[in-house]
Each structure stands twice: as C-alpha cells, then as structure tokens.
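Just remember that this note's numbering sits 1 ahead of the position in the sequence shown, which is counted from 1. Note that beta-carbon positions come from the ideal geometry of N, C-alpha and C, so glycine has one too. Being a predicted model, the structure only gives us computed values, none of them experimental.
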Amino acid sequence: MDLTFNEQETAFRDELRTWLADNQPPAKPAADAGDDAQFTWRRDWQRHLYEGGWAAPAWPTEYGGRGASQTESAIYFEEMGRARVPFAANTLGLLLGGPTLMVWGTPEQKERYLPPILSAEEIWCQGFSEPDAGSDLASLKTKAVKDGEEWVVTGQKVWTSGAQYSKWCMLVARTDSEVPKHKGLTYFLMDMDQEQVQVRPLRQITGEAEFNELFIEEARIPDANLVGGVGNGWKVALTTLMNERAGLGFALQIRLRQLLDDVIAAAGEKGLLENPLYADKIADLHARCETIRLLAWKGLTDSERYGQPGPEGSLVKWLWSDTNQRATQLAVDVIGPEALITGTSWSYELLRARGNTIEGGTTEVLKNIVAERVLGLPRLKVAA
Ligand SMILES: Cc1cc2nc3c(=O)[nH]c(=O)nc-3n(C[C@H](O)[C@H](O)[C@H](O)COP(=O)(O)OP(=O)(O)OC[C@H]3O[C@@H](n4cnc5c(N)ncnc54)[C@H](O)[C@@H]3O)c2cc1C
C-alpha cells in the first residue's frame, strides 16, 4: 500500500480543493426548518456540484463523470468530508443506482436514466428491505407477475430512504417462487409517480423522516424497466450493495475524524484533556480512527488489485459504526446536558448514530462475514 499521491492525483486533489474553496453551499437550514427544506438544500448543492462537474467524478466521462480512478474517487470523498459540505441529495442514485445501471443496464436505459441522476432532476431510492426481509434479503415476498408487456407488482417495502422525494425505485421483487429463493428474484426500476405506490414516512428518533414504508398495490412496471434479465435480480442487487459499502467508506471515516476533533476541542475548552477518564477515551478513539482510515485505504488497494471491493469492507463498516457511536456518546459526556437539547448537532449525531449499526448491513451480519470470509472460520450451522 503506497499512500503517496502521484502527480495526476495531486492535481485532482488541488483542483477539487480550489473549487470547494470557491463554491461553498448556502447555510444549512435550521434544524426545525423541516425535512423538505433540508432536502431542497442538498438538492441545490448537488445541482451546483453538477454544474461544476463534481457530482460524480468516478462516473466515466461518457456518462458525465470525470473517469476518476479509485484513488481519485477516495480523494474526492475525503476532500468533500474535509470541506464539511453536505452529501448530494441523490446519493443513492449517484453511488448505487447509476453504477448498477452502468454494469447491467441496456444502452437505452443508460441514456435515459443516467443524466437526470447526475443533475438531481430525478431522485432514486432503494426498495430492497421488507418487514420480514432485511439481513436475509433473498427471502423477500414482494411479487411481480407478468401481464403482457408489463409487470404487476404487489407487496410492502420498508426503511426506504428518501422515497418521499424519489422518482425511481430500485426494486427487487420475486418473479418465480418455484425455484431456490436467490434465483427467483428480478430487479426493476419502478416509477414512484403512480397511485398504486403509497409512501408513508416513518419518523425516526432524530425527529426527521429519512425513510419510509412503501405499500405497493398492483403497480405497473414496463418490460423496458427490467434490469439484468428475469431471475437475475440477486446478482444485480449484489452490484448495488457492493457499491453501497465501497462508495461511502471514505466520506464516513473523515466525518468521524472531524467529530472526534470537535470533541477534543470541546474537551480542551472545558479543561478535560488532563482528566484520565476523558484522556483514555480520546486516545482510544484516536487509535480507532487511524485504524479505520488505514483499513479504508488498504481496502482500496485490494479493490484496485482484484477489480472489486473485498469482504474486508465489512470490517471497516463495523468498526466505523461502533466507533461513531462511542464518539457521539463521549461528545455528550464532554459537553454535558446542553448537548441533549433537541436541535443541537450533538444530539442529532448521538441519536442518528444508533442506526449506523443497522443500515447497510447490521454489525452482527458483518461480523459473520468477517469471521467466515476474512478469517476463514467455519460457517455457523443453525440447529434444525
Ligand atoms: C437509517 C437506515 C436507512 C435504511 N435505508 C434503507 C433503504 O434505503 N433501502 C432499503 O432497502 N433498506 C434500508 N434500510 C434497511 C436495512 O438495510 C435493514 O434494516 C438491515 O438490512 C437489517 O434488516 P432488518 O431491519 O430487517 O433486521 P433483521 O434482518 O430482521 O435483523 C434483526 C436482528 O437480527 C440480527 N441477525 C439477522 N440475521 C443474523 C445472522 N445471520 N446472524 C446473526 N445475527 C443476525 C441482526 O443483526 C439484527 O440485530 C435502512 C436501515 C436504516 C437503519
């Protein structure tokens, strides 16, 4: 692993730094401004990134990106994190949906769907999880039945982030219940603008409604919106999931580092840095942050070498979510009761961190992956 940037990578970083210095997002809406105001703020920011050519540098130039290498892409996320700018509104489209279409989509699908993802004209959501199918995604029950040149879809999805703002849903549905569960799935792009799709926001512990329930009652999807072929949905979904873990890792570890730096500054102001109770915890978190940073870079090297992210990415996500929860708890201990007042960024971070060990793969499931696929331990045999 060589962490020195070459000339091209340094030039890429400097160009981005200069652009970010000249192009800051407008002030974040107040915490009580509501979900719509927060969304509009992030959508406007994405449009600005798009106009500057920085919405998705990792996308190939033919699709409006810069054809950035994996290292440049990591630099991009690090710099965006360092500049403390918000995530683009269409993160799921940019990081998950677009790259999935680039692998599995037809030329017509790429031409139709990729440009509005980039410009934030059409927002995407991910309709995978169901009330009885989260970790065990392949057991999902939402059904799609062929009817002429269309598919009729009925079922329920849950935890669908951003569905209330989305035009398109990456939907995995069962098209064959006679074959083994992984083989009976198909991947669709479902138009959210139809009354057969009802979106009900779920309010979270933070007060915001980031995700939703979807009730789908005979929704229609044309054949042209099937991605990767009938019965191939599991493989297409894996492409989406691999991109999910690979894409966000770098941005998240930088934000964690910033949170810790903020906690250290606050501890300094309160004269707590010499207090062994706090100093111990800060030293531990510092070591964890460094480990996560280096593991993220190591994962990148593996990914460049083998052409795809390895199972070690699960270790980074597990450590990050665990460390983020510890850091947000320490922040509250350092700041004191005022950190618990609704609407402060400290209280938001503390509460939002609870979901980190669930979203994008629960910690227990990630530990299974690390045990079996990284450490080579025997697979768990569940008693009949
Ligand atoms: C903030 C947030 C945003 C999300 N956004 C989306 C989204 O946009 N789209 C989407 O499709 N989904 C989304 N999800 C859903 C997320 O992917 C699921 O919550 C996650 O996969 C876990 O599934 P589950 O909630 O059904 O829990 P379950 O799978 O039912 O798990 C329940 C418990 O059992 C444990 N468990 C399950 N299987 C095993 C096993 N084999 N070994 C050991 N322990 C196990 C789990 O770790 C967990 O503690 C989001 C979730 C959150 C929290």
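Name the residue from the options whose alpha carbon lies nearest to the alpha carbon of residue i.
i: residue 130; options: 159, 153, 328, 124; result: 159
i: residue 183; options: 191, 174, 189; result: 174
i: residue 252; options: 67, 33, 20, 84; result: 84
i: residue 66; options: 58, 132, 363; result: 58
i: residue 218; options: 271, 156, 35, 207; result: 156
i: residue 75; options: 168, 36, 53, 13; result: 13
i: residue 187; options: 206, 154, 199; result: 154
i: residue 64; options: 99, 312, 200, 5; result: 99
i: residue 333; options: 61, 279, 216; result: 279
i: residue 189; options: 120, 118, 102, 196; result: 102
i: residue 388; options: 53, 92, 250; result: An answer regarding residue 388 cannot be provided, because it is not within the stretch 2 to 385 covered by the chain.
i: residue 97; options: 125, 270, 112, 72; result: 125
i: residue 285; options: 325, 41, 113; result: 325
Ignore the nearest five residues each way along the sequence and tell me which others in residue i's own chain have a CB closer than 7 Å to its CB.
i: residue 367; result: 315, 318, 319
i: residue 202; result: 165, 210, 213
i: residue 18; result: 80
i: residue 336; result: 267, 347
Just the Cα atoms here: how many angstroms apart are residue i and residue j?
i: residue 26; j: residue 179; result: 52 Å
i: residue 235; j: residue 29; result: 38 Å
i: residue 288; j: residue 272; result: 22 Å
i: residue 352; j: residue 223; result: 40 Å
i: residue 242; j: residue 264; result: 32 Å
i: residue 363; j: residue 238; result: 17 Å
i: residue 221; j: residue 199; result: 13 Å
i: residue 88; j: residue 6; result: 25 Å
i: residue 380; j: residue 365; result: 14 Å
i: residue 215; j: residue 274; result: 48 Å
i: residue 52; j: residue 133; result: 42 Å
i: residue 34; j: residue 21; result: 25 Å
i: residue 306; j: residue 38; result: 42 Å
Which residues in the same chain have their Cβ closer than 6 Å to the Cβ of residue i, if we skip the five residues on either side of it in sequence?
i: residue 294; result: 254
i: residue 204; result: 210
i: residue 82; result: 252, 255, 256
i: residue 121; result: 44, 47, 48, 90, 91
i: residue 78; result: 251, 252
i: residue 170; result: 126, 128, 191, 193
Going along the chain, which residues of its own chain have a beta-carbon closer than 8 Å to the beta-carbon of residue i, five neighbours each way excluded?
i: residue 406; result: One cannot answer for residue 406 here, as it falls past the ends of the chain, which runs 2 to 385.
For this session: Would you list, in sequence order, the uninterrupted alpha helix (DSSP H) runs of no fewer than 4 residues that lie entirely inside the region 271-357?
Result: 277-307, 314-336, 346-353
For this session: May I ask you to verify whether the region 352-364 touches the region 321-331, counting CB pairs closer than 8 Å and requiring at least 3?
Result: yes
Problem set entry | the region 136-146 touching the region 95-109, judged by at least three CB pairs closer than 8 Å | no
Exercise. Are the region 160-173 and the region 210-219 touching by the rule of at least three beta carbon pairs closer than 8 Å?
Worked result: yes
For this session: Decide if the region 335-351 is in contact with the region 370-379; the criterion is three or more beta carbon pairs, one per stretch, under 8 Å apart.
Result: no
For this session: Ignoring anything shorter than 3 residues or poking outside the region 145-187, list the beta strand (DSSP E) runs there in chain order.
Result: 151-159, 169-175
Problem set entry | Whole runs of the alpha helix (DSSP H) within the region 41-129, excluding any shorter than 4 residues | 71-83, 99-105, 108-119
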